[in-house]
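Before any comments, here is the structure.
Number of protein chains: 2
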Amino acid sequence: MLVKVFVTPRRDILDPQGRAVEQSLKSLGFKNVSDVRIGKYVTLNVEASSPEQARAEAARMCEQLLANPVIEDYRFEVENS
Amino acid sequence: MLVKVFVTPRRDILDPQGRAVEQSLKSLGFKNVSDVRIGKYVTLNVEASSPEQARAEAARMCEQLLANPVIEDYRFEVENS
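Heads up: the protein sequence lines correspond to chains A and B, in order. Start counting the first sequence at -2; every next residue gets the next number (our numbering). Start counting the second sequence at -2; every next residue gets the next number (our numbering).
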């Protein structure tokens, strides 16, 4: 099953990479851009017998490795593939 | 308008970060994981008069800065917000 994981910096956490990209976009002429946040987009395949099992594994992977829950939020989607 | 951009390494391009994460997941006990790919997930706000205008701007931002079309693919979604 295909798992898509979206990891984003938490709202209340400074995102220096997002700031830098926002400045770059503005200097390229995109003046109407704001609130740029940079996160990670992880895709992976899990051999699982059911979507529920894949979801449970994905949640554990996020907690243990893919996201840092102190400074990042995550969500994921599971697709039969 | 809220723009969500998904940038992924192209299929035919090696993804060393994905490889490293896959190895780490396996050593954590997730033996049934494969094909891990790590991309970027960028969210931003665009002041635009229509979704079409926001989409056109987002495409230009991706081409010019957010993605490297030589080694990365991108797609994006525009939401009224």
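Every residue, glycine too, gets a C-beta built ideally from N, C-alpha and C. Since this is a predicted model, take the numbers as computed values, not measurements.
At least 7 angstroms separates the CB of E60 of chain B from every CB of chain A. Proximity of R52 of chain A to chain B, defined by a Cβ-Cβ separation below 7 angstroms, is not satisfied. Pairing A53 of chain B with V33 of chain B, the inter-Cα distance amounts to about 30 angstroms. Around the beta carbon of D12 of chain B, a 10 Å sphere encloses 16 or more other beta carbons of the protein chains shown; the residue is thus reported as buried.
Where E69 of chain B is concerned, there is no enclosing alpha helix (DSSP H), although the beta strand (DSSP E) around it starts and stops at E69 to E76. Restricting attention to B:Y38, B:A56 and B:P48, the CA atom closest to the CA of K1 of chain A is found in B:Y38.
The alpha carbon of A17 of chain B has as its nearest neighbour, out of B:V30, B:R8 and B:N65, the alpha carbon of B:V30. In this structure, A:G36 is the residue among A:E69, A:Q50, A:E44 and A:G36 with its C-alpha nearest to the C-alpha of Q14 of chain A. Segment contact: the stretch 59 to 67 of chain B against the stretch 66 to 73 of chain A, fewer than three CB-CB distances shorter than 8 angstroms; contact not assigned. Between L22 of chain B and M(-2) of chain A a beta carbon distance of about 15 angstroms is seen, past the 8 angstroms cut, so the two are scored as non-contacting. Note that the C-beta distance between A51 of chain A and V75 of chain A is below 7 angstroms. In this chain, the alpha helix (DSSP H) harbouring G15 of chain B covers P13 to S24.
Cβ neighbours of I10 of chain B within its own chain (closer than 6 angstroms, five residues either side excluded): I68.
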